[in-house]
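If you're matching positions, the sequence shown starts at 5 in the working numbering and goes up one per residue.
Positions of the beta carbon are idealized from the N, C-alpha and C atoms, including for glycine.
Only a predicted model underlies this, so the values are computations on that prediction, with no experimental measurement involved.
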Amino acid sequence: MSKKFLSYDAFSKTVEDARIRTTSGAVVTLVSLITIISLLIGEWIDYRSIVHRAELVVDKARDERLDINLNMTFVNIPCGLLSMDIMDVSGELQASIEDGIIKTRLDEFGNILSHEAMTISNTQNPESKTDEEAGAVDECPPCYGARPEGECCKTCQDVRDAYAAKGWAFHDGSGIAQCERENYGELLNHIKNEGCNVAGQVSVQKVAGNFHFAPGLSYTRDTLHMHDLSLYDKKDYDFNFAHYIHHLSFGPKVDTKITGVDEDSLSFNPLDNTVHMTDQKQFTFRYFVKVVSTTYRDLQGAVIHTNQYSATSHQRPLQGGRDEDHPNTLHSRGGTPGVFFSYDISAMKVLNMEERAKSLGAFLTGTCAIIGGVLTVATVIDRGLWEANKAIKRKKKV
């Protein structure tokens with residue numbers, strides 16, 4: 005091998021016999037070894053850690069539906085008087101929703117009485133009369149002008165539905181034979197102090213809209229959505245829309261243990277455990293919700309689709325006037341008492357993806373940098389200590 009080629013060797017070797025081992029060199033070596041091991045452990049932990057990278061993209065989904073999950077308690081309004089409707093900007097209307105919703109009657113202390121259907125007439129009344137007790141019953145009871153002649157309304161609820169379809173006020177059923185036979189008025193007095201828990205899931209189109217809880221059956225008149233407030237407005241009944249929102253979410257529930265994402269930090273369901281109380285009958289609560297589609301993808305490629313939302317709220321008395329807490333604020337007059345949720349769908353979508361904090365290449369590069377850097381610094385320190393030691397010895401000899 006030519007000497008010219010050997011001159012390129014950057015790692016020249018010392019003669020074995022010329023090596024000198026010192027105490028300072030041993031100390032520097034041990035300290036360097038401990039430092040390298042400590043830094044490599046940190047580099048390994050950093051490599052194995054998982055981070056969640058969020059990315060905002062345009063939501064290109066089409067023709068999807070949105071599930072609304074809710075659990076609410078209304079303290080001072082019975083289930084039979086409470087109606088849930090959904091409307092959206094496409095014109096779809098779901099009135100007096102029953103499918104997917106369970107209404108639970110509560111006493112004035114919040115204890116469960118029973119699970120009943122949404123109508124008062126289906127609530128058991130211990131004082132209702134049998135056909136024999138009420139006397140002869142017309143085979144085709146009239147609808148009192150709410151339906152064409154010849155159509156029958158066999159129950160009080162049939163008359164109530166017919167009145168709602170016409171947009172007529174029903175009041176307490178006085179003067180209607182079917183309601184008097186079922187002791188409808190006595191039943192109202194029996195349940196007037198009850199509350200209602202509403203829980204379940206409903207499906208809506210993925211477009212902007214609103215769902216609301218209001219008293220009485222709903223009807224449409226001249227494109228306006230209205231409710232029969234005749235019974236609610238009676239002075240004999242102390243109803244109001246004080247309520248608890250135990251849970252409100254959109255789409256499938258996400259297990260934060262699987263995604264590894266802190267639910268509080270992402271504000272999954274900011275309206276959960278919300279309480280709004282009032283002692284006023286003519287009062288309305290409004291929530292404005294912005295729904296954002298969210299997708300999670302883990303390291304194995306599993307994908308979870310759900311939604312997050314942000315929310316703001318507003319409440320006001322229907323008689324309008326100045327706000328007691330904000331004198332410069334003037335509330336408008338009129339409206340329907342109830343709890344209204346207006347939701348809008350964001351055009352953007354959030355992608356949350358699990359990733360390694362470092363790639364394998366970055367880990368190997370960091371490992372080499374740690375070993376090389378520590379050894380280089382240790383060599384400089386050891387050489388400095390060696391030279392200092394020799395200088396001290398020379399001075400002693402002089």
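Residue environment, residue i, which counts as buried when at least 16 other CB atoms sit within 10 Å
i	result
C156	exposed
F113	exposed
G338	exposed
N332	exposed
L74	buried
M76	buried
E153	exposed
E59	exposed
N115	exposed
T27	exposed
E391	exposed
K239	exposed
N244	buried
S253	buried
G388	exposed
I38	exposed
I24	exposed
I54	exposed
Residues that DSSP places opposite residue i in a beta bridge
i	result
Y148	For Y148, which the question treats as bridged, DSSP gives no partner whatsoever.
C157	C157 pairs with nothing; no bridge assigned.
E358	H56
C200	F78 and R109
F215	I90 and F345
G325	H335
T224	H229
D71	S207
Q98	I90
S118	R109
V62	M352
Cβ pair residue i, residue j closer than 8 Å
i	j	result
D232	A168	yes
P82	C160	no
V410	V296	Because the chain here runs from 5 to 402, residue 410 falls outside it and cannot be looked at.
S222	D89	yes
G324	H335	yes
Y248	V279	yes
F174	S87	no
K85	Y236	Per the sequence presented here, residue 85 reads as Leu, with Lys not at that position. Closer than 8 Å, so yes.
V202	I349	no
H251	N273	yes
L275	A315	yes
M352	D63	yes
F292	I72	no
P145	K158	yes
V206	R69	no
H318	R290	yes
Task: 3-residue-minimum beta strand (DSSP E) runs that sit fully inside the region 240-317, ordered along the chain - done: 247-254, 278-280 and 287-301
Open item on the list: Using 8 Å as the cut-off, can you tell me whether the region 41-54 makes contact with the region 189-205, which would need three or more C-beta pairs spanning the two stretches below that distance?
Closed with: no
- [ ] State whether the region 367-377 contacts the region 37-45, with contact taken as three or more CB pairs (one from each stretch) at a distance under 8 Å.
- [x] These segments touch.
Open item on the list: For the structure I just gave you, are there three or more beta carbon pairs, one from the region 93-102 and one from the region 214-228, closer than 8 Å?
Closed with: yes
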